[in-house]
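Colleague:
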Amino acid sequence: MFNTALFDLDGVVLDTESQYTVCWDRIGKVYKPDIPHFDHLIKGQTLTQIFDRYFKDEEKVQHEIENQLIEFEKNMDYAYIPGVVAFITDLKRHQVNTAIVTSSNQQKMANVYQCHPEFETLFDVILTSEDFKRSKPEPDCYLTAAAHFSVSHNQCVVFEDSINGLKAGKAAQMKVCGLATTNSIETVKPLSDMVIKDFVGMSYEKLCEII
1 MFNTALFDLD
11 GVVLDTESQY
21 TVCWDRIGKV
31 YKPDIPHFDH
41 LIKGQTLTQI
51 FDRYFKDEEK
61 VQHEIENQLI
71 EFEKNMDYAY
81 IPGVVAFITD
91 LKRHQVNTAI
101 VTSSNQQKMA
111 NVYQCHPEFE
121 TLFDVILTSE
131 DFKRSKPEPD
141 CYLTAAAHFS
151 VSHNQCVVFE
161 DSINGLKAGK
171 AAQMKVCGLA
181 TTNSIETVKP
191 LSDMVIKDFV
201 GMSYEKLCEI
211 I
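Note that the UniProt record's numbering numbers the sequence shown so that position 209 is 209, with each residue one more than the last.
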């Protein structure tokens, strides 16, 4: 029986992925025009991981991109995915552990808290890129979350939208609920135990029936 729900942030709790796609598409075209679909390749990765993989030893470029992201995230629309707040509230009513597990950093989260003062109280813990060394698709972030609650992998359900995130949940040997917010249902389904479009109509009881 599951007792812990682990949520990715962008594209799962917050409807922000389409905004990031625009931002990273622009960055890719300027700095990596030889790499097609750059915006999709970096999804689910921390900024440090992106820099290490694609902009190693390019300090000037890293600084420029970092500043662009800081300004971009200050002005983002941090709308909730439909139904997610009601779903999380219902989980907590049934004593389910809840956590955010994101590749975003604390600086970005400060913008989220400013937009949604209630955000921190929705979850028992919020883990950011500063809390783990290896990012998705490695399982470290989700295993760290499970360890925080002192629960085993088979007591956890991961909610993810990106390919790297779905792979991370599977690598952690946890049940994975894929959200078809960033990718199509056909793309998400092979890496998920269940797929939903959003959280409208979702509840603790319904999740128990599905998983």
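Ideal Cβ placement from N, Cα and C applies to all residues, glycine included.
A quick note: this is a predicted structure, and the numbers were derived from the prediction, not measured.
Among residues of its own chain, excluding the 5 on either side of Q49, which ones have a beta-carbon nearer than 6 Å to its beta-carbon?
Modeller: The residue labelled residue 49 in the question sits at position 49 within the sequence shown. The answer, listed in chain order, is S135.
Colleague: Out of I88, I27, I185, which one is the CA nearest neighbour of F72?
Modeller: Residue 72 sits at position 72 when you count from the first residue of the sequence shown. When each option's Cα is compared against that of F72, the closest is I27.
Colleague: Using 8 Å as the Cβ pair cut-off and three pairs as the minimum, do the region 96-110 and the region 140-155 touch?
Modeller: Judged by Cβ distances under 8 Å, the region 96-110 makes contact with the region 140-155, as three or more pairs qualify.
Colleague: Between the beta-carbon of Y142 and the beta-carbon of M109, is there less than 8 Å?
Modeller: One-based indexing of the sequence shown puts residue 142 at position 142. One-based indexing of the sequence shown puts residue 109 at position 109. Their beta carbons are not under 8 Å apart, which means Y142 does not touch M109 by this criterion.
Colleague: Looking at T16 and Y78, is the spacing between their C-beta atoms short of 8 Å?
Modeller: Within the sequence shown, residue 78 is the residue found at index 78, counting from 1. Within the sequence shown, residue 16 is the residue found at index 16, counting from 1. Taking 8 Å as the Cβ cut-off, Y78 and T16 qualify as a contacting pair.
Colleague: Considering Cα atoms alone, identify which of N3, L14, M1, F2 is closest to F119.
Modeller: Here residue 119 refers to the residue found at position 119 when the sequence shown is read from its first residue. Here the closest residue by C-alpha is L14.
Colleague: Checking the sheet assignment: what are the DSSP bridge partners for Y78?
Modeller: Sequence index remark: in the sequence shown, residue 78 carries index 78 (1-based). Note: Y78 sits in no beta bridge, so no partner.
Colleague: From I88 to I70, what does the alpha carbon distance come to, in whole angstroms?
Modeller: In the sequence shown, residue 88 corresponds to position 88, counting from 1. In the sequence shown, residue 70 corresponds to position 70, counting from 1. Their Cα atoms are separated by approximately 28 Å.
Colleague: Could you tell me which whole beta strand (DSSP E) segments of length 3 or greater appear in the region 50-110?
Modeller: Listed in chain order, the complete beta strand (DSSP E) runs (minimum 3 residues) inside the region 50-110 are 97-101.
Colleague: If you follow the beta strand (DSSP E) that A5 is part of, which residue opens it and which one closes it?
Modeller: Mapped onto the sequence shown, residue 5 falls at position 5. Looking at the DSSP string, the run of the beta strand (DSSP E) that includes A5 is 4-7.
Colleague: Reducing DSSP to helix, strand and coil, say where F159 ends up.
Modeller: Sequence index remark: in the sequence shown, residue 159 carries index 159 (1-based). In this structure, F159 counts as strand in the three-state DSSP scheme.
Colleague: Could you name the residues that DSSP lists as bridge partners for V195?
Modeller: Looking up residue 195 in the sequence shown gives position 195. The partner list for V195 (beta bridge, DSSP) reads G178.
Colleague: Taking all protein chains shown into account, decide if M1 is buried (16 or more other Cβ within 10 angstroms of its Cβ) or exposed.
Modeller: In the sequence shown, counting from the first residue as 1, residue 1 sits at position 1. M1 comes out exposed.
Colleague: So the candidates are C156, N154, V157, S184; which of them puts its Cα closest to the Cα of I163?
Modeller: Position 163 of the sequence shown, counted from the start, is the residue given in the question as residue 163. When only C-alpha atoms are compared, the closest one is S184.
Colleague: Just to confirm the assignment, what range does the alpha helix (DSSP H) spanning I211 have?
Modeller: What you label residue 211 is simply residue 211 of the sequence shown in a count that begins at 1. Premise fails: I211 is in no alpha helix (DSSP H) and is neither H nor E.
Colleague: Got a sec, what are the start and stop residues for the beta strand (DSSP E) L14 sits in?
Modeller: The residue labelled residue 14 in the question sits at position 14 within the sequence shown. Careful: L14 lies outside any beta strand (DSSP E) and carries neither H nor E.
Colleague: Could you pull the start and end residues of the alpha helix (DSSP H) that I185 belongs to?
Modeller: Residue mapping note: residue 185 aligns to position 185 of the sequence shown, counting from 1. It spans 185-188 - the alpha helix (DSSP H) in which I185 sits, taken as one unbroken run.
Colleague: Do the CB positions of V157 and I211 come within less than 8 Å of each other?
Modeller: As a first step, residue 157 is located in the sequence shown; it is residue number 157 there, counting from the start. As a first step, residue 211 is located in the sequence shown; it is residue number 211 there, counting from the start. It is a contact, given that the beta carbons lie within the stated cut-off.
Colleague: What does L41 pair with, by DSSP beta-bridge criteria?
Modeller: By 1-based counting over the sequence shown, the position of residue 41 is 41. Paired residues: none, contrary to the question.
Colleague: I need the straight-line Cα distance from Q95 to C23, nearest angstrom please.
Modeller: Within the sequence shown, the letter at position 95 stands for residue 95. Within the sequence shown, the letter at position 23 stands for residue 23. Roughly 38 Å between the two C-alpha positions.
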